[in-house]
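Chains as they are written, first to last, in my numbering: chain G, 48 to 346; chain E, 8 to 251. Worksheet: the structure to be examined is printed underneath.
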């Protein structure tokens with residue numbers, strides 16, 4: 048990881064590096080049809096990552112159902128939902144009330160020198176979701192943290208480039224968990240894309256999941272010597288919890304992503320005690336009886 | 008580094024700045040009898056939704072309960088962003104028109120695409136504190152604000168809410184100091200607002216001291232960050248609105 052470090056300070060992300068990581072991120076997204084693009088502002092030349100996807104309320108459409116061309120996402124939603132639906136669920140999935148259009152933007156904060164996740168959501172008839180509805184849709188594993196301090200987590204703010212209301216995931220604590228992960232990664236000389244690491248951790252809080260394929264981007268940029276040092280990246284394996292991905296369809300998607308990320312960072316000396324991913328692991332419904340790491344006390 | 012004694016008069020003038028305002032109910036709102044306009048002196052440094060409880064009560068008296076939902080304000084067709092300080096809103100939209108400032112009050116058809124919601128005072132407090140914290144991230148790498156106790160944060164907010172200059176500045180002065188060995192803050196917290204652009208404001212990192220050791224001026228900042236504001240003759244027409 049190349050981030051600027053000043054003595055004892057945390058891993059601050061310079062704007063130039065932010066743009067470079069975003070560029071690499073978008074290239075990979077294009078290869079796998081994940082729908083991200085970079086938008087440049089006309090006046091000052093700064094920019095942001097952007098992605099739009101549709102989600103059935105409380106149920107996530109896995110990204111592998113989307114085709115490479117995302118122009119007809121709405122059509123695909125109704126044509127390609129392959130999961131078996133019982134009668135009540137089928138009624139819900141087809142009614143426009145239940146489909147939510149999410150728009151995610153990743154901007155750079157020069158004040159905190161970290162990326163920041165902005166998003167907005169509306170039903171297909173154009174009605175925007177309220178802050179309460181957004182809080183209600185936050186993943187169950189994060190609800191405790193949200194109850195403690197909702198105003199520290201997700202609030203409505205003005206988009207700094209577009210000037211319109213968006214919801215924002217607060218950046219003040221980004222450095223805490225990023226630093227913990229990056230120091231472990233550096234010990235093993237592993238190259239990591241800061242954006243992938245950060246977004247795969249905070250995204251699931253608000254319904255945004257990154258396919259595991261992004262981890263390969265990091266590996267591609269590692270040298271052969273690096274790869275020789277780090278153990279093979281296995282899918283869906285977690286410390287103390289071995290279960291194949293095939294056993295967990297549908298809703299457990301975010302837990303699976305959590306497992307995969309846990310695996311990615313577990314190769315370093317990072318113990319995961321302070322990571323929000325451990326919180327997700329505690330909620331794991333895989334039925335495994337091996338002891339999970341103890342839940343850290345939240346600050 | 009004590010700035011209080013030197014600049015206290017300026018600080019007081021900024022704090023106690025007022026804008027005489029006339030609030031009129033939007034003509035399409037449904038009332039049981041005619042709504043009289045309501046006059047109020049608005050504090051420049053505060054927020055619309057924090058200081059207009061009386062305005063709300065005044066108009067709700069002539070309306071039926073079911074006709075009233077979230078209040079919002081508009082000037083000459085432009086929804087007013089409650090999360091901007093009142094003085095900024097006035098300077099941005101109405102500085103050239105005669106006083107009192109005429110604001111239209113709405114209780115229906117909240118403009119979702121333009122305005123943030125403000126369902127309670129907690130929302131205003133959270134926004135205000137977020138601004139304070141971001142400013143300190145720039146000035147002191149958040150060290151001063153993070154070392155304060157929750158009650159100090161609360162005192163800043165209560166000082167603003169209750170218009171208590173001394174109470175506010177007892178805490179804010181710590182956020183305005185820097186160690187004697189430094190010549191200023193790490194970066195200057197500033198935003199340049201423009202009414203004409205889609206982008207709401209320009210905000211960049213800017214150091215108070217140049218590499219040669221000399222102090223930067225406001226002119227240096229404008230040249231660096233917003234060169235289009237400066238004419239070929241080297242002058243700039245701006246309205247300077249100190250906020251925090």
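Glycine residues also receive a C-beta, built at the ideal position from the N, C-alpha and C atoms.
What residues of chain E sit near residue i, judged by a beta carbon separation below 7 Å?
{"i": "residue 159 (chain G)", "result": "144"}
{"i": "residue 77 (chain G)", "result": "Result: empty, since nearest Cβ-Cβ is about 27 Å, beyond 7 Å."}
{"i": "residue 202 (chain G)", "result": "133"}
Please determine, among the options, the residue with the shortest C-alpha to C-alpha distance to residue i.
{"i": "residue 209 (chain G)", "options": "G:250, G:165, G:60", "result": "G:165"}
{"i": "residue 243 (chain G)", "options": "G:161, G:176, G:212", "result": "G:161"}
{"i": "residue 27 (chain E)", "options": "E:104, E:195, E:220", "result": "E:104"}
{"i": "residue 84 (chain G)", "options": "G:91, G:90, G:95", "result": "G:95"}
{"i": "residue 235 (chain E)", "options": "G:90, G:260, G:98, G:77", "result": "G:90"}
{"i": "residue 206 (chain E)", "options": "G:257, G:66, G:211", "result": "G:211"}
{"i": "residue 183 (chain G)", "options": "G:252, G:151, G:79, G:98", "result": "G:252"}
{"i": "residue 54 (chain E)", "options": "E:169, E:141, E:64, E:154", "result": "E:169"}
{"i": "residue 69 (chain G)", "options": "G:158, G:104, G:163, G:103", "result": "G:163"}
{"i": "residue 172 (chain G)", "options": "G:82, G:87, G:207, G:145", "result": "G:145"}
{"i": "residue 48 (chain E)", "options": "E:240, E:62, E:35, E:37", "result": "E:62"}
{"i": "residue 19 (chain E)", "options": "E:171, E:239, E:230", "result": "E:171"}
{"i": "residue 79 (chain E)", "options": "E:216, E:184, E:73, E:126", "result": "E:126"}
{"i": "residue 102 (chain G)", "options": "G:170, G:63, G:73", "result": "G:170"}
{"i": "residue 99 (chain G)", "options": "G:67, G:74, G:153, G:75", "result": "G:153"}
{"i": "residue 141 (chain E)", "options": "E:195, E:83, E:60", "result": "E:195"}
{"i": "residue 256 (chain G)", "options": "G:178, G:81, G:104", "result": "G:81"}
{"i": "residue 217 (chain E)", "options": "E:131, E:191, E:202", "result": "E:191"}
{"i": "residue 122 (chain E)", "options": "E:56, E:34, E:173", "result": "E:56"}
Apart from the five residues on each side of it in sequence, which residues of its chain come closer than 6 Å, Cβ to Cβ, to residue i?
{"i": "residue 29 (chain E)", "result": "44, 46, 107, 109"}
{"i": "residue 168 (chain G)", "result": "147, 149, 176"}
{"i": "residue 156 (chain G)", "result": "163, 218"}
{"i": "residue 79 (chain G)", "result": "260"}
Which partner residues does residue i have in the DSSP bridge list?
{"i": "residue 198 (chain E)", "result": "Residue 198 (chain E) pairs with nothing; no bridge assigned."}
{"i": "residue 99 (chain G)", "result": "G:150"}
{"i": "residue 156 (chain G)", "result": "G:161"}
{"i": "residue 109 (chain E)", "result": "E:29"}
{"i": "residue 216 (chain G)", "result": "G:164, G:201"}
{"i": "residue 208 (chain E)", "result": "E:200"}
{"i": "residue 85 (chain G)", "result": "G:96"}
{"i": "residue 169 (chain G)", "result": "G:148, G:175"}
{"i": "residue 222 (chain E)", "result": "E:216"}
At 9 Å on the CB atoms, spell out the chain G contacts of residue i, in chain order.
{"i": "residue 236 (chain E)", "result": "Near residue 236 (chain E) there are no residues of chain G at all, since even the closest Cβ is about 13 Å away, more than 9 Å."}
{"i": "residue 204 (chain E)", "result": "90, 210"}
{"i": "residue 207 (chain E)", "result": "205, 206, 207, 208, 209, 210"}
{"i": "residue 90 (chain E)", "result": "204, 205"}
Can you find the residues in the same chain that come closer than 7 Å, C-beta to C-beta, to residue i, ignoring five residues on each side of it along the sequence?
{"i": "residue 151 (chain E)", "result": "143, 181, 182"}
{"i": "residue 204 (chain G)", "result": "213, 215"}
{"i": "residue 66 (chain E)", "result": "32, 42, 112"}
{"i": "residue 193 (chain E)", "result": "145, 146, 147, 148"}
{"i": "residue 163 (chain E)", "result": "139, 175, 178, 179"}
{"i": "residue 136 (chain E)", "result": "160, 164"}
{"i": "residue 134 (chain E)", "result": "90"}
{"i": "residue 232 (chain E)", "result": "199, 209, 211, 213"}
{"i": "residue 88 (chain G)", "result": "94, 208"}
{"i": "residue 104 (chain G)", "result": "145, 147"}
{"i": "residue 86 (chain E)", "result": "79, 118, 121, 122"}
Ordered along the chain, which non-local residues of its own chain (more than five positions away) have a Cβ less than 8 Å from that of residue i?
{"i": "residue 39 (chain E)", "result": "69, 70, 71"}
{"i": "residue 52 (chain E)", "result": "21, 22, 24, 92, 93, 94, 167, 250"}
{"i": "residue 76 (chain E)", "result": "114, 115, 117"}
{"i": "residue 210 (chain E)", "result": "197, 198, 199"}
{"i": "residue 181 (chain G)", "result": "168, 201, 214, 253"}
Interface residues of chain G around residue i at Cβ under 8 Å?
{"i": "residue 211 (chain E)", "result": "157"}
{"i": "residue 120 (chain E)", "result": "211, 212"}
At 8 Å on the CB atoms, spell out the chain E contacts of residue i, in chain order.
{"i": "residue 61 (chain G)", "result": "In chain order: nothing, as chain E lies at least about 10 Å away."}
{"i": "residue 99 (chain G)", "result": "Chain E residues near residue 99 (chain G): none, gap ~16 Å exceeds 8 Å."}
In chain A, what lies closer than 9 Å to residue i by C-beta?
{"i": "residue 124 (chain E)", "result": "The structure shown contains no chain A; its protein chains are G and E."}
Name, please, each residue of chain E whose Cβ falls closer than 9 Å to the Cβ of residue i.
{"i": "residue 258 (chain G)", "result": "Under the 9 Å cutoff, chain E gives no residues; its nearest Cβ is about 32 Å from residue 258 (chain G)."}
So with CB distances below 7 Å, who are the chain G contacts of residue i?
{"i": "residue 141 (chain E)", "result": "158"}
Which full runs of the beta strand (DSSP E) of 3+ residues lie inside the segment 12-94 of chain E, going along the chain?
25-32, 45-50, 79-82
| said: To test your reading of the DSSP string, which unbroken alpha helix (DSSP H) runs of 4 or more residues are found completely within the segment 133-183 of chain E? | reply: 150-154, 157-168, 172-182
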